[in-house]
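For reference, the structure is listed below as C-alpha cells.
There are 4 protein chains.
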Amino acid sequence: MIRLKFSLLLEYDIADPGCDLVFNIHAAHTDRQAVVCEALRLSQNVINYLSVDHVTHNRVLRFSGSPGNLRVFYDATVDVNHYVGMPSHTWEVPIPQLPEPVLQYVFSSRYCESDRLLEFASRAFGLQTRGYSRVQFIRDWVLSHTKFESNTSNVHTSAVDTLLACKGVCRDFAHLMIALCRAINIPARFVTGIDYGADPALGPTDFHAYVEVYLADHNGAHWYLFDPSGTAIPMGFVRMATGRDAADVAFATIFGPVVAMPPIVQIEAIPGADGILNLPRLSSEALSSID
Amino acid sequence: MIRLKFSLLLEYDIADPGCDLVFNIHAAHTDRQAVVCEALRLSQNVINYLSVDHVTHNRVLRFSGSPGNLRVFYDATVDVNHYVGMPSHTWEVPIPQLPEPVLQYVFSSRYCESDRLLEFASRAFGLQTRGYSRVQFIRDWVLSHTKFESNTSNVHTSAVDTLLACKGVCRDFAHLMIALCRAINIPARFVTGIDYGADPALGPTDFHAYVEVYLADHNGAHWYLFDPSGTAIPMGFVRMATGRDAADVAFATIFGPVVAMPPIVQIEAIPGADGILNLPRLSSEALSSID
Amino acid sequence: MIRLKFSLLLEYDIADPGCDLVFNIHAAHTDRQAVVCEALRLSQNVINYLSVDHVTHNRVLRFSGSPGNLRVFYDATVDVNHYVGMPSHTWEVPIPQLPEPVLQYVFSSRYCESDRLLEFASRAFGLQTRGYSRVQFIRDWVLSHTKFESNTSNVHTSAVDTLLACKGVCRDFAHLMIALCRAINIPARFVTGIDYGADPALGPTDFHAYVEVYLADHNGAHWYLFDPSGTAIPMGFVRMATGRDAADVAFATIFGPVVAMPPIVQIEAIPGADGILNLPRLSSEALSSID
Amino acid sequence: MIRLKFSLLLEYDIADPGCDLVFNIHAAHTDRQAVVCEALRLSQNVINYLSVDHVTHNRVLRFSGSPGNLRVFYDATVDVNHYVGMPSHTWEVPIPQLPEPVLQYVFSSRYCESDRLLEFASRAFGLQTRGYSRVQFIRDWVLSHTKFESNTSNVHTSAVDTLLACKGVCRDFAHLMIALCRAINIPARFVTGIDYGADPALGPTDFHAYVEVYLADHNGAHWYLFDPSGTAIPMGFVRMATGRDAADVAFATIFGPVVAMPPIVQIEAIPGADGILNLPRLSSEALSSID
Chain W
1 MIRLKFSLLL EYDIADPGCD LVFNIHAAHT DRQAVVCEAL RLSQNVINYL SVDHVTHNRV
61 LRFSGSPGNL RVFYDATVDV NHYVGMPSHT WEVPIPQLPE PVLQYVFSSR YCESDRLLEF
121 ASRAFGLQTR GYSRVQFIRD WVLSHTKFES NTSNVHTSAV DTLLACKGVC RDFAHLMIAL
181 CRAINIPARF VTGIDYGADP ALGPTDFHAY VEVYLADHNG AHWYLFDPSG TAIPMGFVRM
241 ATGRDAADVA FATIFGPVVA MPPIVQIEAI PGADGILNLP RLSSEALSSI D
Chain U
292 MIRLKFSLLL EYDIADPGCD LVFNIHAAHT DRQAVVCEAL RLSQNVINYL SVDHVTHNRV
352 LRFSGSPGNL RVFYDATVDV NHYVGMPSHT WEVPIPQLPE PVLQYVFSSR YCESDRLLEF
412 ASRAFGLQTR GYSRVQFIRD WVLSHTKFES NTSNVHTSAV DTLLACKGVC RDFAHLMIAL
472 CRAINIPARF VTGIDYGADP ALGPTDFHAY VEVYLADHNG AHWYLFDPSG TAIPMGFVRM
532 ATGRDAADVA FATIFGPVVA MPPIVQIEAI PGADGILNLP RLSSEALSSI D
Chain R
583 MIRLKFSLLL EYDIADPGCD LVFNIHAAHT DRQAVVCEAL RLSQNVINYL SVDHVTHNRV
643 LRFSGSPGNL RVFYDATVDV NHYVGMPSHT WEVPIPQLPE PVLQYVFSSR YCESDRLLEF
703 ASRAFGLQTR GYSRVQFIRD WVLSHTKFES NTSNVHTSAV DTLLACKGVC RDFAHLMIAL
763 CRAINIPARF VTGIDYGADP ALGPTDFHAY VEVYLADHNG AHWYLFDPSG TAIPMGFVRM
823 ATGRDAADVA FATIFGPVVA MPPIVQIEAI PGADGILNLP RLSSEALSSI D
Chain H
874 MIRLKFSLLL EYDIADPGCD LVFNIHAAHT DRQAVVCEAL RLSQNVINYL SVDHVTHNRV
934 LRFSGSPGNL RVFYDATVDV NHYVGMPSHT WEVPIPQLPE PVLQYVFSSR YCESDRLLEF
994 ASRAFGLQTR GYSRVQFIRD WVLSHTKFES NTSNVHTSAV DTLLACKGVC RDFAHLMIAL
1054 CRAINIPARF VTGIDYGADP ALGPTDFHAY VEVYLADHNG AHWYLFDPSG TAIPMGFVRM
1114 ATGRDAADVA FATIFGPVVA MPPIVQIEAI PGADGILNLP RLSSEALSSI D
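Protein chains in written order, with the working numbering: chain W, 1 to 291; chain U, 292 to 582; chain R, 583 to 873; chain H, 874 to 1164.
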C-alpha cells in the first residue's frame, strides 16, 4: 500500500464570451486506488457537473467558464494497492474471449492508428513469444526508438508521426506503444495521472501519460501498467482517467478561446493509515492499479 | 410503425491457421426498434459469443473461424417506431449539459479527425443559426461537396481525405459529416445497418452507414438520423450498431488471412402485426430510431 | 524602375562537428532585376561555393561551417524594372505549349500536393473564366480562407495542412495558392526574397515568400507575381530564388546541429541612377520581375 | 555493350472534350545509352511536341488528344555501355561539393518526404560506413522491409506510406529508398524505363522504376543504378526519364478524362553491331547508364 498526496493548480485567462471546459483531473476510485480525501476549488462561482463513468472509473468535471481569470485547484490523498503479477505467468487473451467493453481497445483510434501499422508491427513483434514479455519487448522498443524531447509534438501528433519523428513526450510514447500493441491484436489504452518519482531532469512535476495493456494470469485478466517513456516509476502513478487515446482523456479540453498558464503540480509519498511510509520503487513485477 | 424483414449472407475462405472474427450484424434492440424474430446460422460448428452493450445497444458476435469456407447467415424482422420531432423545435445541447456517455462523441476519432477541422468548420458553419437546421445545413454541404463513387476510398480513408478528394462511399460521407459536426462541438456518431429503399442505381442492396446527431427538443434529447450520402431513405434504415466511426462498428472485423465474397443482402417492407403495410418514405421530419 | 537597398545578417551557433550550409540569399540577376552592387561577408574563414542556375537564376551559396559562432552578412542594391501587363489581356497557356522547363511547375511537389486537390480545386475554380482573373480569384480565395498567424506551422506543413488549418505564414499561403493553381493545370512556383513595404504589424522586416504564375499576353509568357498573404507590396519585392516549393529554396538549409538566431533584415527604397526616388506601390497591374 | 530492342503500345479512350497528354516514353540519349533507331506512331493526327532537357536528358512528348481512341506506339533499339565502378572504391560526396544541379536531389519531394525521415534514417543508417556500401545497405534494408504486392498503392502513395505499409510496387520501393538516402544527405533520384530480365512471376513486361544515387570514385561522380525492388537486373534496364520522384516522370500524365488500357511492352536483347549477343546479368559492380 502506497499513500500519495498531490495537488494541482490550473489557471486560465478566458476571453469573451466565455467557454466550456471539460477536466479529467480527479483521482479515480477503483478497487485498487482509494481516495482518502480530496478537495476541488474553482475561483469562479459556476455550476459544475462531476460525472463518473462506471466502466472506466473516469470522473469528468464540466462547467462553463466566464470571461476573465479562472483558477482550478484540486488536491487529494490516495491509497494505491497494486495488483502484483508475475510477468512470466501472464498471457495474452484471444480476441473471442475479450469482454465486450475491452474490444474497443483493439481498434484503431485517432492518435493510435493501428490500422496503418498492421504489417510493420507484425514484422517487428509477430514472432516474439506471446505474453507479458512481448508487451515488455514492445515497450522497450518504443523507448529505444524514441527520444524524449519537449515541444516536438503538438495536439495533432499521432503514433504514426512519432514512429517517423523518433521523438516526443510521454503522450507520444504512449500512443506509439498502444498503436503497436493493437496492431498485433493486444488491447491497449491510454491512462493519465500524476507521478511520484518522475525524472527531475525533465522539469517540474507534471501530468503524465501511461499505457495499460489487457493481459491475464491465473487470477483473471488485468490492465497492466507500462511506462514506455521510461521517465517515471509506475508504482508512483496516481491514476486519473483512461481512454482510447489522448482525445478521450486530455486533462483539460476547452471549447473556446483561452490562454492557459503552465499547470503547477505537486506530489509526495506520505505515511499510510498504519503510519508506515512506503516509497514507490522501480519493479520488474506486473502491476495494475485498477482491478 | 414500419416492419422490415431482411437477410444477409456473408461468405469467407479462411486460410491457415484460421482467424478471429468480430461481427456487428445483429439488429439492435432499442425502445424504438423491436426485433420480432431473428436467426443466425454459421456453417462452421464453432463456439460463438454474442454480447450486448447496454449503452450503445450494439450486439457483437465473435468467434474463431477454422481454415476453409465459412458462411454466416442472419435474418431478422424488426418493427421500427421512430421518434418524430420537428426540426424547427430541435436545438443543440451545450457541452456542460451533455450526459457523460455522450461526451466522447464530441471528441476526435480515427476517421473523424475533428481536431484538424476546427477552423475549417467554424468558418463554414459557425455563423449558421444553431439547431437542427444547422446540422441539416452541414449534411447538405457534405452531400453537395462529395460525389458518390465506388472504389475511391479504402479502409484507411478518413474525413480529411474525403474533404480533399470530394468523393467516396456512404462510410466516407458519414465520417466527413461527423467530423464537421464535432468540430463545432455537436456530438455526432456513426451508425450502420441495412436500408430499405436505397438507390438501385448504386447496385444491389448492401450495408449502409448513417450519421446520428445528438440534439434536443421539449421531450428531451435524441440521436437523430441523417443520411449525408443522399442515397437512401432514413425511415427505411434498420439499425445494427453505433460507434465513434467505422473503426468501432465495421460489420466485420477479421483478425487473420481471409478472402471475402461480396455480401448478399435482401430487405423488404412487410405488413405489421396489425396487417397494415407502411412503406418507408422520405420525410422532412427529425427522426430517431434509438430512444 | 525601383531601386532597393537591403542587408541581412544571419547568425548561428554551430555544434560539433560542424555542418554544411546552403543559402539562397543572393539577389537574383534577371533581365528585370539588376544587382547594382553587393557584398557578402562570412565571419568564418571558409571556402565557399556560389553557383548560379541559368534556368532559374538562383544563386546558391554553400560551405562547411566550423563549430562555434557563424555570422553571414549580405547586402545589395538592386534595380527592379518590372514587366507590366494588363490582367484583362493575360491568358493561361495550354499544357502542350508550355516550354519543357516550365512543365515541372504543373506537377505536384512536397509542400504543394496538387495531386490531392484536383477535385477540390476543380469544384472551386473550374468554372471561373480562364486567364489572369482566375489566378487572381484563387489568390483572393486563399487570402480570405487563411489567417496570418505566426508559429502555427512548421517545416513539415504543406498546402493540404494549410487548407485544413486555415492559418499560417507567408510560406503557407504561397504553398496553398501554388497547389490550387497546379491542380487546375496552371504552372505556379515559389519565390523567396525580401520585401519593402511589408505590413509592420507583422513584426520586423523578414524574408518573404511569393507565388509566380506562368501566364501569357501578346508579348509572350511571363512569370507573374502574386502575394496571397496580402501582407506586402509585390512591387517592393527583391527576388532571391525560385523553386517548386520551400523544399527547393529555403533561405537556409543546414545539414547538422546548429542554433539559429533570428535573422536581422533591413530594406529601403533609394533614389535610382537618375536621382529619382520611386516608391513601390500597390498596383492592379500584372507584374513580373524575371523576364 | 548491351543492345536492347523494345516496343510499347499505350491505348486510351478519351472522353469529351479531349485532353492534354504528357509522355516520358522515349529512350534517353546519354553518353552511355545510344539510341540506334526508334519510331513513334500516334493513331491520331495531332501536332506533337518532343522536347529534350539537356540536364536530365529526359525527352518529353506532349500533345492534345481528341475524343475517341488513341494508340501510342513507340519502339527503339538502344546500345547501353555502362560505366562500371568498384563499390569498395566509391564514396559519398559532401554537400558543399555537389554540383548545383545535383543539389535538388538532396531535398524533400512529393513522394520522397525525406524531411519527415531525418531521425529515422539517421538511427538506421547513420553509423554505417559511408560510401557505396552504405547505399547498398539501405537498398537491402528497403528490399527486406517491403513486400512486392500489386494494387497495394496508388498515385498518392509516398515513401512514408510505404515505410508504414511495408508493401508496394517498384515505384514505392524506389520512393522509399530515395527518401532514406536523402534523409542522410545522399543525393538520390527516380529513374524510369523498361527492363530486360524482370521477374516473370510479376506478370508481363511493364515499365519499371529504379533509383539513381550520386556517388564518386577516382574517375569522378556518377549516378549509380540501384533496384530496391529486387525484381530486375539493373544491367537490363533501358532508361527513359529521371526526376525527383514519380511526380516528375510518370510515363504518362494525362490532363483530362480518359480510360487507359494496360500497356503492352516487349523487350529483348539482340546482337550488337559487332554481331555479339551480350545478355544482361546480375552484377555486384557499381553501374551507371548516364555519364
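No residue lacks a Cβ here, since even glycine has one placed at the ideal position from N, Cα and C.
Which whole-angstrom value is the C-beta distance of residue i and residue j, which I expect to be below 8 Å?
i          : j          : result
Glu404(U)  : Ser449(U)  : 6 Å
Val433(U)  : Met377(U)  : With a Cβ gap of about 23 Å, Val433(U) and Met377(U) do not count as contacting.
Thr744(R)  : Phe833(R)  : With 8 Å as the limit, Thr744(R) and Phe833(R) do not qualify as a contact, their Cβ atoms being about 20 Å apart.
Val1138(H) : Asp1079(H) : 6 Å
Val84(W)   : Ala286(W)  : 7 Å
Val371(U)  : Tyr505(U)  : Contact flag wrong, Cβ pair sits at about 19 Å.
When you compare only the Cα positions, how much space is there between residue i and residue j?
i          : j          : result
Ala174(W)  : His902(H)  : 54 Å
His345(U)  : Val351(U)  : 12 Å
Glu268(W)  : Gly236(W)  : 9 Å
Ser1023(H) : Ser444(U)  : 17 Å
Ile485(U)  : Ser43(W)   : 51 Å
Ile1163(H) : Gly131(W)  : 54 Å
Thr544(U)  : Ser355(U)  : 12 Å
Cys601(R)  : Val909(H)  : 46 Å
Phe23(W)   : Ala241(W)  : 10 Å
Phe226(W)  : Ala179(W)  : 14 Å
Ser1157(H) : Arg1007(H) : 14 Å
His790(R)  : Leu590(R)  : 13 Å
Glu877(H)  : Ala124(W)  : Just to set this straight, residue 877(H) is Leu in the shown sequence, not Glu. Looking at the two C-alpha atoms, the distance is approximately 42 Å.
Lys458(U)  : Ile898(H)  : 31 Å
Run through DSSP, which three-state label would residue i get?
i          : result
Gln557(U)  : strand
Met843(R)  : coil
Ala1071(H) : coil
Ser379(U)  : helix
Phe173(W)  : helix
Glu1158(H) : coil
Asp140(W)  : helix
Cys748(R)  : coil
Glu1022(H) : coil
Gln44(W)   : coil
Asp248(W)  : helix
Leu976(H)  : helix
Ile276(W)  : coil
Gly193(W)  : strand
Ile887(H)  : strand
Leu127(W)  : coil
Ile607(R)  : coil
Across which residues does DSSP place residue i in a beta bridge pair?
i          : result
Phe993(H)  : Phe993(H) pairs with nothing; no bridge assigned.
Tyr1005(H) : Answer by DSSP bridge pairing: none, since Tyr1005(H) is not bridged.
Asp1090(H) : Gly1093(H)
Val925(H)  : Arg932(H)
Thinking C-beta only, is residue j closer than 8 Å to residue i?
i          : j          : result
Arg110(W)  : Arg462(U)  : no
Gly831(R)  : Asn640(R)  : Strictly speaking, residue 831(R) in this sequence is Val, with Gly absent from that position. Yes, Cβ-Cβ distance for Val831(R) and Asn640(R) is below 8 Å.
Leu1155(H) : Ile1106(H) : yes
Arg362(U)  : Leu312(U)  : no
Leu455(U)  : Phe655(R)  : no
Gln324(U)  : Ala318(U)  : yes
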